[in-house]
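Residue numbers (this note's numbering), protein chains in the order written: chain H, 48 to 173; chain Z, 1253 to 1445.
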Amino acid sequence: MNAAVVRIALLAACLAATAIPAVAEYGDVVLNHRSEAEGVRPVIFPHWFHRIRFRCKVCHSELGFRMRAGANVVTMKEIVEGKFCGMCHNGQIAWAPDRCDLCHSGKPGLKPGIQGGHSTLGPGLW
Amino acid sequence: MKRSRPWTTLLAGLLVLAAAAAWAQPDLRRWIPLAKDGLHDPASPGTRQLQEPRDALARLAPDGAGNQVRWVQALERGEIVPRANLLEGTEVRLREDDILLNLNGGTPIVRFPHRAHTLWLDCSNCHETPFISKAGANKLDMRRILQGEQCGLCHGAVSFPLTECNRCHSVPRASRGGGPAPGYAPVPPKAGP
């Protein structure tokens, strides 16, 4: 009798846990080719945040970002000179590159690449 | 004194509750806080200053997958107004036709809407790689899509994920008793999961 109740409670807890898995927001990109090796946290680029403000074509056509995670080789020097993220993060369109922690906010050890959301945990690159 | 009627009161109460529930349509979407998403470092001073996905996304047209936002609807309804260009003189190109793909398979026909795509993307994002701009000229293959090529370049990465089969396979085949292919109308959102 009690065991059954406990089992149902456990099942419910498991369901609740799977409903809210601990994975990043769909479309977040980690950039970490050199950051950690050079002593700063990995960079996290949130697509959801930027697409509220800019259509894909702004970055992937006008500004020339390649649509392949890891395909754009970026250095901090170029950003400060106004390239890549620095085309907007220049103190005019968005805040300037001196706010290091807003971009370099990742956990240590993250691999570069795009993060699928909860609904893309299928085989391959779903 | 008036005699109380507990049953009618109870019934009326239940009716009011049911009506309220039907009216309010609870929003079941949940977004993981940044500090717990496995990506942001809770110890980073930046993590606390960033916007939480919930605060931005909860007010947008709901969806059951991906960012849990039906992005095309959010844009068409004016819930978001993302910029289409930064540089003066960039031509903002739009195309309105639909193309039916996969005419001979077993699954429902795939309707590719140019409008939903060119609202967001430029022609050069798709033509001539990965797609040749000629109907029927591309050998599309679901296996390659699932491996992140062709449609899967964006769907499964940033745009709605490949778990939403019938958002692409959206036109019933006439041979199975479905009607003729309707024109492009954004499919109404599904209820939450």
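Note that CB positions come from ideal geometry on N, CA and C, so glycine has one too. In this text the structure is predicted, and so the values were computed from the model without any measurement.
Euclidean distance between Cα positions of residue i and residue j
i, j, result
"N1418(Z)", "R1322(Z)", "14 Å"
"I161(H)", "P1413(Z)", "13 Å"
"V127(H)", "A141(H)", "13 Å"
"R1300(Z)", "N79(H)", "21 Å"
"S1411(Z)", "E1343(Z)", "23 Å"
"L1355(Z)", "L1346(Z)", "25 Å"
"P68(H)", "P1285(Z)", "For P68(H), the pLDDT reaches just 46, beneath the cut-off of 50, and the residue's location in the model is therefore unreliable, leaving the point undetermined."
"F1383(Z)", "R113(H)", "16 Å"
"G1358(Z)", "W95(H)", "34 Å"
"I1332(Z)", "P1365(Z)", "20 Å"
"C147(H)", "P93(H)", "15 Å"
"A118(H)", "L1398(Z)", "20 Å"
"P1334(Z)", "L1371(Z)", "10 Å"
"L1338(Z)", "R1395(Z)", "37 Å"
"K104(H)", "R1425(Z)", "34 Å"
"G138(H)", "P144(H)", "8 Å"
"R1311(Z)", "G1330(Z)", "12 Å"
"G1341(Z)", "E109(H)", "11 Å"
"K154(H)", "I91(H)", "10 Å"
"I123(H)", "H1421(Z)", "Rather than Ile, the amino acid found at residue 123(H) in this sequence is Met. C-alpha separation (whole angstroms): 43 Å."
"L1291(Z)", "L149(H)", "13 Å"
"H1407(Z)", "K1391(Z)", "18 Å"
"A116(H)", "A1409(Z)", "10 Å"
"A1368(Z)", "E125(H)", "34 Å"
"V121(H)", "F131(H)", "7 Å"
"R102(H)", "A71(H)", "22 Å"
Residue range of the beta strand (DSSP E) that includes residue i
i, result
"H1421(Z)", "1421-1423"
"F96(H)", "Not the beta strand (DSSP E): F96(H) falls in the alpha helix (DSSP H), residues 94-98."
"L78(H)", "75-78"
"P1365(Z)", "1361-1365"
The alpha helix (DSSP H) enclosing residue i, as first and last residue numbers
i, result
"Q162(H)", "Unbroken run through Q162(H) is the beta strand (DSSP E), 160-162; no alpha helix (DSSP H)."
"G1298(Z)", "1297-1301"
"M134(H)", "Run containing M134(H): none; DSSP gives neither H nor E here."
"K124(H)", "123-127"
"R1396(Z)", "1394-1398"
Buried versus exposed call for residue i [16 or more other C-beta atoms within 10 Å across all chains shown]
i, result
"G156(H)", "exposed"
"Q1303(Z)", "exposed"
"A84(H)", "exposed"
"K76(H)", "Looking at the sequence shown, residue 76(H) is not Lys but Val. Flag for V76(H) reads buried."
"K1288(Z)", "exposed"
"R88(H)", "buried"
"D1315(Z)", "buried"
"S1296(Z)", "buried"
"D1279(Z)", "exposed"
"G86(H)", "exposed"
"H1379(Z)", "exposed"
"E1348(Z)", "exposed"
"A1389(Z)", "exposed"
"D1307(Z)", "exposed"
Local conformation of residue i per DSSP, three classes
i, result
"P144(H)", "coil"
"R88(H)", "coil"
"P68(H)", "Only weak support exists for where P68(H) lies, its pLDDT of 46 falling under 50; the coordinates are left without a value."
"H1379(Z)", "coil"
"P1305(Z)", "helix"
"G153(H)", "strand"
"V1248(Z)", "The structure shown does not extend to residue 1248(Z), since chain Z spans only 1253 to 1445, so no value can be given for it."
"S82(H)", "coil"
"S108(H)", "helix"
"A1426(Z)", "helix"
Any non-hydrogen atom of the ligand FAD closer than 7 Å to residue i Cβ
i, result
"G117(H)", "In the structure on display, the ligand FAD does not appear, and there are no ligands present to speak of."
Q.
As an exercise, report each continuous beta strand (DSSP E) stretch of at least 3 residues that is fully enclosed by the region 1332-1376 of chain Z, in chain order.
A. 1350-1353, 1361-1365
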